[in-house]
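Here is the structure we will look at.
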Amino acid sequence: MPILNRNHIVLVLLQFTLSCTYRDNPVHPRNNPFDPGGVNWVHHDSATIFDIDETNGTEGVIVNVFTFGSTDTVPVLADTTDSQGVFSIKPLPIGTYTLLARKDSFLLFMDSLVIDERYTTLHDDTLERPSSLSGTLSGAFFRNTSTVTLSLPGTGKLPIVVDSSGEFTLSGLSSGNWRLCIDNGSAETPAVRMSVIIPRSTDVQIADTIRPGYTTLPPSIGGYHVFYGFLHNHSNFSDGIGTPSEAYRYARNRAGLDFFSLADHCFAFNADNWSELKSIADSCNEDYLFTAFWGFEWSGGKSRHYTVTATDDYCSAMDTATATLPALCNWLSDRDGVAFINHPNYYTADDIFNRYPGLLPPDNIVGMELWNKLDGFNYYYYDEGYFPQDNHKGYYDEVLSAGWKIGAAGSDDNHHGTWGTRSDYRMAVLARCRTREDILQALRNRRFYSTLDKNLCLSFTVDGREMGSTVAGYEHTFKVEAFDGNREQFTNVIIFDKNHDMVLDEQLNTPVVALSREYTFEEDGYFYVKITQQDGDEAISSPIWIEN
4 MPILNRNHIV
14 LVLLQFTLSC
24 TYRDNPVHPR
34 NNPFDPGGVN
44 WVHHDSATIF
54 DIDETNGTEG
64 VIVNVFTFGS
74 TDTVPVLADT
84 TDSQGVFSIK
94 PLPIGTYTLL
104 ARKDSFLLFM
114 DSLVIDERYT
124 TLHDDTLERP
134 SSLSGTLSGA
144 FFRNTSTVTL
154 SLPGTGKLPI
164 VVDSSGEFTL
174 SGLSSGNWRL
184 CIDNGSAETP
194 AVRMSVIIPR
204 STDVQIADTI
214 RPGYTTLPPS
224 IGGYHVFYGF
234 LHNHSNFSDG
244 IGTPSEAYRY
254 ARNRAGLDFF
264 SLADHCFAFN
274 ADNWSELKSI
284 ADSCNEDYLF
294 TAFWGFEWSG
304 GKSRHYTVTA
314 TDDYCSAMDT
324 ATATLPALCN
334 WLSDRDGVAF
344 INHPNYYTAD
354 DIFNRYPGLL
364 PPDNIVGMEL
374 WNKLDGFNYY
384 YYDEGYFPQD
394 NHKGYYDEVL
404 SAGWKIGAAG
414 SDDNHHGTWG
424 TRSDYRMAVL
434 ARCRTREDIL
444 QALRNRRFYS
454 TLDKNLCLSF
464 TVDGREMGST
474 VAGYEHTFKV
484 EAFDGNREQF
494 TNVIIFDKNH
504 DMVLDEQLNT
514 PVVALSREYT
524 FEEDGYFYVK
534 ITQQDGDEAI
544 SSPIWIEN
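Taking our numbering, the leading residue of the sequence shown gets 4, the next gets one more, and so forth.
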């Protein structure tokens, strides 16, 4: 039998209601032939019950009406929906009733029915198919005799059966916000508590393996999870404080980052250091819990600094073969990693616009830092850039205008042993799972944004495709979604085009942003979002490119 939770038995508003049709029903006058007892009765009324997967009504739903609070097992009225999903309520005395609807393969459906002198609350409703929740527990939970429970405030605990591989499935669930509690009764294995949102009639699978210490699912927006971290940091392998092992452990355990990488200066370490760095990153990496990358900073003076992440080997700006930006681009084009422009300045731009005009990078140069260390957007994004009088374009827009497809990044560039704790600035990645494969794929797709708030969530789509995408056509639907983990208010949303003109400038005061606009563009171009919070924190998205 399907499982009922509290939301189904509280006799007030019911979560199954998708459309409500309230009807003003005339009342028979007292002492008329239809009201022999002198009690008001309402006219015959009807409503429709739909299947959530269909536009037509659901046939064969058994509808029973009981007097509210009664323990009677015999209904005062009973009907069955016809081929159109319609059921009827015959005249009843004024009062409050309980309406119960059931059909095989659907969840039991309960609602309150109020009949007054002027109206009845009978309305159309939609049956909900049972959902399931599945996931996988780590050995520390299922190897021992464990008590695993799914609980909802105000209800009892429902046991989960876990198989020998740690997999579990809970069936017969209704939609809603459930709280999953996993506890094997051992003080050495801390309980896990997480919130799981189950949409209507939707099966949900927890993507991550649930392990001791796992406390919550990562925030989600636009169909992706949001993961926070950065890739440009230093250790005593070059000019930083602390060992690589200390850096990764600090980023994971103290700063609580989802992903992290060192990128020590390429000229300061050798092949043994490189091999050791990769080995340390591998030892600290744990799928679904913490993603550890490795990398280096291609640097040789003020003119050029790039972070290179997740390549098998490294190169140096001090070597003749890879001493110039075109040489670095050629080197990167043969490798699978990703690269970012670090702390952009006049010298970086001079490389691109003056020394090597017309140079287009390989596809794996994916981003530019819009904040670095404690220098935020004011220092890098709002800088007037390389060219004067170009509508206040900074380096980000100028390099985009030159044809480089780069996203909005940022990094701590930490040299002082405080990896991830000295500011709330973050690079946020939209990915399926907290794994190297998924996060690296998101980086390649430029599905990331730069934020000065450590738990701001942002999605920017055009025609349903997330930031970093390239879309074709002339008529487009732009959508911006955002929320903050601390429920901070958003005050402004701007969409910039390739000329740095504002396509949208929306003033608002809300903790949740959900904007949708229709636009038509006849020219190729790019668009990105800048969103502002009440405390002045901002986030900037990677662009979406439109090619007609």
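The beta-carbon is built from N, C-alpha and C at its ideal position, and this holds for glycine as well.
Helix, strand or coil for residue i? Go by DSSP, reduced to three states.
{"i": "C184", "result": "strand"}
{"i": "N375", "result": "strand"}
{"i": "C332", "result": "helix"}
{"i": "I97", "result": "coil"}
{"i": "D316", "result": "coil"}
{"i": "Q87", "result": "coil"}
{"i": "D500", "result": "coil"}
{"i": "L443", "result": "helix"}
{"i": "F270", "result": "helix"}
{"i": "P546", "result": "coil"}
{"i": "T148", "result": "Only weak support exists for where T148 lies, its pLDDT of 41 falling under 50; the value from the coordinates is given anyway. If DSSP states are grouped into helix, strand and coil, T148 belongs with coil."}
{"i": "W301", "result": "strand"}
{"i": "N276", "result": "helix"}
{"i": "L507", "result": "strand"}
{"i": "I283", "result": "helix"}
{"i": "D82", "result": "strand"}
{"i": "Y231", "result": "strand"}
{"i": "R358", "result": "helix"}
{"i": "E249", "result": "helix"}
{"i": "A295", "result": "strand"}
{"i": "N551", "result": "coil"}
{"i": "D322", "result": "coil"}
Is the Cβ-Cβ distance between residue i and residue j less than 7 Å?
{"i": "H346", "j": "E387", "result": "no"}
{"i": "G340", "j": "V311", "result": "yes"}
{"i": "E484", "j": "I283", "result": "no"}
{"i": "S238", "j": "C269", "result": "no"}
{"i": "D48", "j": "L130", "result": "no"}
{"i": "H308", "j": "K396", "result": "no"}
{"i": "G410", "j": "S545", "result": "yes"}
{"i": "L459", "j": "D487", "result": "yes"}
{"i": "F71", "j": "G60", "result": "no"}
{"i": "E520", "j": "F463", "result": "Here residue 520 is Arg; the residue named in the question, Glu, does not match the sequence. No, Cβ-Cβ distance for R520 and F463 is not below 7 Å."}
{"i": "T294", "j": "I442", "result": "yes"}
{"i": "I534", "j": "V496", "result": "yes"}
{"i": "Y317", "j": "W277", "result": "yes"}
{"i": "I498", "j": "V532", "result": "yes"}
{"i": "K376", "j": "D416", "result": "yes"}
{"i": "L183", "j": "V199", "result": "yes"}
{"i": "K106", "j": "G175", "result": "no"}
{"i": "K281", "j": "W297", "result": "yes"}
{"i": "R437", "j": "D261", "result": "yes"}
{"i": "L116", "j": "Y100", "result": "yes"}
Kindly list the residues whose CB is nearer than 6 Å to the CB of residue i, restricted to its own chain and excluding five residues on each side of it in sequence; keep chain order.
{"i": "R338", "result": "T314"}
{"i": "T454", "result": "R429, A431 and A542"}
{"i": "R468", "result": "V474"}
{"i": "I65", "result": "T83 and R105"}
{"i": "A271", "result": "S241"}
Going by beta carbon distance, what residues of the same chain come within less than 7 Å of residue i, once the five residues before and after it are set aside?
{"i": "G40", "result": "Any reading at G40 needs caution, since the residue's pLDDT is 34, under 50, leaving its predicted position unreliable; the model's value is listed next. Same-chain partners within the cutoff: there are none."}
{"i": "A250", "result": "N236, S238, L265 and W422"}
{"i": "Q537", "result": "E491, Q492 and T494"}
{"i": "A445", "result": "V432, L433, A434 and F451"}
{"i": "E424", "result": "The question names Glu, but residue 424 is Thr in the sequence shown. Answer for T424: R257 and A258, listed in chain order."}
{"i": "D527", "result": "I549, E550 and N551"}
Between the Cα of residue i and the Cα atoms of the options, which residue gives the shortest distance?
{"i": "S134", "options": "R490, S141 and F109", "result": "F109"}
{"i": "L362", "options": "Q392, P329 and L292", "result": "P329"}
{"i": "D540", "options": "T494, L518 and L511", "result": "T494"}
{"i": "H418", "options": "F390, F240, S278 and F112", "result": "F240"}
{"i": "R435", "options": "W374, R425, N448 and T424", "result": "N448"}
{"i": "V77", "options": "T83, D85, V68 and T84", "result": "V68"}
{"i": "L234", "options": "V496, S204 and D267", "result": "D267"}
{"i": "Y231", "options": "F343, Q510, G175 and L292", "result": "L292"}
{"i": "T139", "options": "S115, D166, M113 and D114", "result": "D166"}
{"i": "T84", "options": "S472, N348 and L103", "result": "L103"}
{"i": "E289", "options": "F112, R255, A405 and A81", "result": "R255"}
{"i": "A274", "options": "L461, F299 and N512", "result": "F299"}
Excluding sequence positions up to five away, which residues of its chain have a Cβ less than 8 Å from the Cβ of residue i?
{"i": "W407", "result": "I355, L363, P364 and I368"}
{"i": "S137", "result": "E170, F171, T172, L173, D206, V207, Q208 and I209"}
{"i": "Y529", "result": "L403, D500, K501, P546, I547, W548 and I549"}
{"i": "E509", "result": "N495, V496, I497 and L518"}
{"i": "D75", "result": "F69"}
Cβ-heavy atom distance between residue i and the ligand SAH below 6 Å?
{"i": "G88", "result": "No copy of the ligand SAH occurs in the structure displayed, which carries no ligand at all."}
Review point. Of all the beta strand (DSSP E) runs that stay within the bounds of the region 405-483, which reach a length of 3 or more residues?
Key: 410-414, 429-434, 451-454, 459-465 and 473-475
Point to revise | beta strand (DSSP E) runs wholly inside the region 104-143, at least 3 long, in chain order | key: 112-118, 128-130 and 134-139
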